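Residues in the sequence shown are numbered from 840 upward in steps of one, following the numbering used here.
Yeah, the Cβ is synthetic: ideal placement off N, Cα and C, and Gly gets one too.
The model shown is predicted, which means the values in this text are computed figures rather than measured ones.
Right, one structure below, let's go through it.
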Amino acid sequence: MELPGRGRTFVREFQGPPGAPTLMLLHGLGATADLNWFSSFDALGRHFRVLALDHRGHGQGIRVGARFRLADCADD
Numbered sequence: 840m841e842l843p844g845r846g847r848t849f850v851r852e853f854q855g856p857p858g859a860p861t862l863m864l865l866h867g868l869g870a871t872a873d874l875n876w877f878s879s880f881d882a883l884g885r886h887f888r889v890l891a892l893d894h895r896g897h898g899q900g901i902r903v904g905a906r907f908r909l910a911d912c913a914d915d
C-alpha cells in the first residue's frame, strides 16, 4: 500500500464475509504482521475483514534512513 509522502508499506488483507466489520491488527515491537498474527488470520477472516500491516522498519514496512517516532507509526 502506498502512503503518500511516506512510502510503501505491506498490508495483509482477508476480505471476510460480505458486510463484515473491519478488524485492524497491529503487531508488537520487533515482530511483523505475519509473525504476530499468522495463526489467527483464518479464524478471524471467517467473521471480519482483516487488515494487518507491518510497522515502519519492521518486515516489509516503510524503510526510513533516519530515526522515527511512534507518532510517525500512528500517522501511517
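Three-state class that DSSP yields for residue i in the structure shown
| i | result |
| --- | --- |
| A870 | coil |
| F917 | Nothing can be reported for residue 917, as the shown portion of the chain is limited to 840 through 915. |
Nearest-angstrom Cβ-Cβ length linking residue i and residue j, presumed shorter than 8 Å
| i | j | result |
| --- | --- | --- |
| A891 | W876 | 5 Å |
| A910 | D893 | 18 Å between Cβ atoms; not a contact. |
Own chain partners of residue i with C-beta closer than 8 Å, once the 5 adjacent residues on each side are dropped
| i | result |
| --- | --- |
| G867 | N875 |
Option in the options with minimal Cα separation from residue i
| i | options | result |
| --- | --- | --- |
| A882 | L862, V850 and T871 | L862 |
| F880 | A870, L864, D893 and G869 | L864 |
| H886 | A870, P857 and S878 | P857 |
Close Cβ partners of residue i (< 6 Å) along its chain, the five nearest in sequence each way excluded
| i | result |
| --- | --- |
| V889 | F853, L862 and L883 |
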